[in-house]
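Down below is the structure, laid out as structure tokens.
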Amino acid sequence: MHDSLTKELKRILYWIKPEICFVCNRCVSGCPVAEVHSEYRPNKIVKLAYLGFIDELIQSGIIWYCTQCLKCSERCPMDVHPASVIVALRNIASKKKLPPEAWIKMAKNIYVYGRITPEMGVVSKDRKLIKREDLNLRTPVVSKELIRRLYDETLFPINLGD
Ligand code: SF4
Ligand code: SF4
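Take the sequence shown: its letters are residues 27 to 188, numbered as in the numbering used here.
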């Protein structure tokens with residue numbers, strides 16, 4: 027495992043002190059993923075990371091379900107930050123080239139189009155394809171340099187070509 031990433035996870039776990047979680051489940055009740063996925067529990071992910079089940083967590087793929095809405099961190103009365111732990115776990119998984127294929131595709135789209143999907147447009151009543159430029163809507167400006175730096179720093183396994 028990448029030393030600096032493991033250290034980063036340990037630093038976060040030290041700072042948030044998962045042992046003070048008293049399983050009030052406020053993080054779970056606010057989590058949009060837990061609502062649709064009975065196995066998904068933000069506090070359980072933190073506890074498993076704290077107990078050293080890093081490989082199991084990153085291999086299971088469950089860390090990629092999180093939307094990073096931050097509700098778990100906002101709701102927690104004990105300042106346990108599941109969302110931060112999940113980001114650290116994702117960075118470790120990225121270094122091991124474990125992100126799901128769909129994530130790699132979305133990351134590539136962000137680099138190329140500035141959003142997670144290419145522009146699709148809408149079809150009008152008279153069956154014409156209408157795109158943003160037809161409606162004078164601004165298209166996102168992509169700072170490829172910044173995005174490349176973000177991917178580099180998170181060790182996201184993506185081949186951006188050029
Ligand atoms: S809200 Fe905080 S204290 Fe409550 S279960 Fe979740 S992590 Fe633990
Ligand atoms: S940040 Fe992730 S784990 Fe936390 S509430 Fe949102 S989806 Fe759930």
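By construction, the Cβ of each residue, glycine as well, lies at the ideal position given by its N, Cα and C atoms.
Quick caveat, the model's predicted, so the values are computed rather than measured.
Straight across, the Cα-Cα distance linking residue 92 with residue 111 is about 11 angstroms. Apart from the 5 residues on each side of it in sequence, residue 61 has no Cβ closer than 6 angstroms to any other Cβ in its chain. C-alpha of residue 55 to C-alpha of residue 125: approximately 26 angstroms in a straight line. Contact between residue 57 and residue 44 fails: their C-beta atoms lie close to 16 angstroms from each other, not under 8 angstroms. Residue environment for residue 95: exposed (fewer than 16 other C-beta atoms within 10 angstroms of its C-beta).
Given a length threshold of 4 residues, each whole run of the alpha helix (DSSP H) inside the region 98-144 is given here in chain order: 108-121, 127-139. For residue 67, no alpha helix (DSSP H) segment is defined, and its DSSP state is neither H nor E. Nearest to residue 180 by C-alpha distance, out of 40, 123, 77, is 123. With fewer than three CB-CB distances shorter than 8 angstroms, the region 76-88 does not count as touching the region 138-153. Around residue 141, the same chain offers 135, 166 as residues with beta carbons nearer than 8 angstroms, after the five sequence neighbours per side are excluded. Between the alpha carbons of residue 131 and residue 37 lies a distance of about 30 angstroms.
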